[in-house]
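Written out below as structure tokens is the structure these notes cover.
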Amino acid sequence: MTRDFYEVLGLKAGASEGEIRNAYRKLAKKYHPDANAGSKKAEETFKEISEAYQVLGDPEKRERYDAVRAGGHPSSPNGPMHGDFRGFDFEGAEFGGDLGGLFADLFGRAGNAGQAPRRGEDLEYEASIEFEEAIRGTKLTVPLARNVTCPVCRGTGRAPGASGRDRGAACRRCGGSGLVRSSETIHVGIPAGADDGSRVRVAGSGEGGRRGGPAGDLYIVLRVKPHRYFRREGTDILFDLPLSFSEAALGAKVEVPTLDGRASLTIPAGTRSGQRFRLRGKGAPARDAHPRGDLIAVAAIVPPKSDARAKRLLQELAELGVEDPRGDLDW
Numbered sequence: 002m003t004r005d006f007y008e009v010l011g012l013k014a015g016a017s018e019g020e021i022r023n024a025y026r027k028l029a030k031k032y033h034p035d036a037n038a039g040s041k042k043a044e045e046t047f048k049e050i051s052e053a054y055q056v057l058g059d060p061e062k063r064e065r066y067d068a069v070r071a072g073g074h075p076s077s078p079n080g081p082m083h084g085d086f087r088g089f090d091f092e093g094a095e096f097g098g099d100l101g102g103l104f105a106d107l108f109g110r111a112g113n114a115g116q117a118p119r120r121g122e123d124l125e126y127e128a129s130i131e132f133e134e135a136i137r138g139t140k141l142t143v144p145l146a147r148n149v150t151c152p153v154c155r156g157t158g159r160a161p162g163a164s165g166r167d168r169g170a171a172c173r174r175c176g177g178s179g180l181v182r183s184s185e186t187i188h189v190g191i192p193a194g195a196d197d198g199s200r201v202r203v204a205g206s207g208e209g210g211r212r213g214g215p216a217g218d219l220y221i222v223l224r225v226k227p228h229r230y231f232r233r234e235g236t237d238i239l240f241d242l243p244l245s246f247s248e249a250a251l252g253a254k255v256e257v258p259t260l261d262g263r264a265s266l267t268i269p270a271g272t273r274s275g276q277r278f279r280l281r282g283k284g285a286p287a288r289d290a291h292p293r294g295d296l297i298a299v300a301a302i303v304p305p306k307s308d309a310r311a312k313r314l315l316q317e318l319a320e321l322g323v324e325d326p327r328g329d330l331d332w
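Using the numbering used here, read the sequence shown as starting at 2 and increasing by one per residue.
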């Protein structure tokens, strides 16, 4: 007796498409013939898993399967559908015209060659890169495990050369799923100016297609590590510039870090905390026709050490009658 397809994948009838896909991938990896050499039981289990996913993984087939499942097996009108359909002629000799055609379509057997090509699913891979790598661009080596189109049946899931009563035999290489597991390493170029959350598309490196359909795409999702000093605002790069009280009050020329080395910056007298100074073109490169962003130094005034001499000097300064900084506020 064929088990209920949801039961085969360890799911409940209301499972989402994502849950079905994840359950299939997990079980297919566990029971794939390549990982269980010589195990007849694993091979049979893999075929059963693949058959279940062929139906539940296709929204249209799943809808019709659910409808038949809810209505019950022809020989058991009030019970769930648990019959062994593999031994029947899906042309309708056993079930009759409409129902036979339905099962032929559900199980992907008779008339399979007439089904349209199906594009493979897209994949995502999350990669962590350094701040400088995101700004300048880099190359990533990505280990990729995915399902690719079966080279034997070319994604049809059917045994090549099968004819007559045996025309619906499942491909022995992929167990009828049309896909086989593959592990590889690819090299991906990350363009300069990438930001946290950026997605880089690698065409054709997703899940394999079926029945001659193209493979899906791979999307590299970038996670940029925080920098010790710098932070991003679009294409601008900001950093906090510590200034002494005297530098801010009297003005100064200071050295500041940039991604291209050190640069000189003139601080005008009377600088306040939070004031911004721009170094044009020293920011992140834009990924379109716009020019490179700026490097922005944000003034952060550091109070003097409170030793006896500093206190005395500050007291003298206060006695000079400096303007009240809150004088213009209507509190």
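Virtual Cβ for every residue (Gly too), placed ideally from N, Cα, C.
Residue burial annotation: SER265 is exposed, with fewer than 16 other C-beta atoms found within 10 angstroms of its C-beta. The count of Cβ pairs closer than 8 Å, one atom from the region 281–294 and one from the region 303–319, stays below three, leaving the stretches out of contact. Per the C-alpha coordinates, the member of ARG174, GLU320 and ALA249 positioned closest to PRO34 is ARG174. A direct Cα-to-Cα measurement between LEU124 and VAL203 gives close to 10 Å. Close CB contacts of PRO152 within its chain, under the 8 Å cut and outside five residues either way in sequence, are with ARG174 and VAL181 (chain order). Residues ILE130, PHE132, ALA135, ASP196 and ASP197 of the same chain have their beta carbon placed closer than 7 Å to that of VAL225, with the five preceding and five following residues left out of the count. The beta carbon of THR267 sits closer than 7 Å to those of LYS254, all from its chain and outside the five residues before and after it, given in chain order. Taking the Cα positions, PRO60 is about 11 Å away from TYR54. Judged by DSSP secondary structure, VAL255 falls within the beta strand (DSSP E) whose first and last residues are 253–259. Beyond the five residues adjoining it in sequence on each side, ARG263 comes within less than 8 Å, by CB distance, of GLU256 and VAL257 in the same chain, given in chain order. Burial state of ALA171 is buried, judged by a 10 Å Cβ sphere holding 16 or more other Cβ atoms.
Here ARG119 is near GLY210, since their CB atoms are less than 8 Å apart. Where ALA301 is concerned, the enclosing beta strand (DSSP E) starts and stops at 296–303. For ASN37 against ALA43, the beta-carbon gap comes to about 3 Å, under 8 Å, which counts as contact. With a beta-carbon spacing of about 6 Å, ASP237 and ILE297 fall inside the 8 Å limit used to define contacts.
Taken through DSSP and simplified to helix, strand or coil, ALA135 comes out as helix. Annotation for ARG200: the continuous beta strand (DSSP E) segment containing it runs 200–203.
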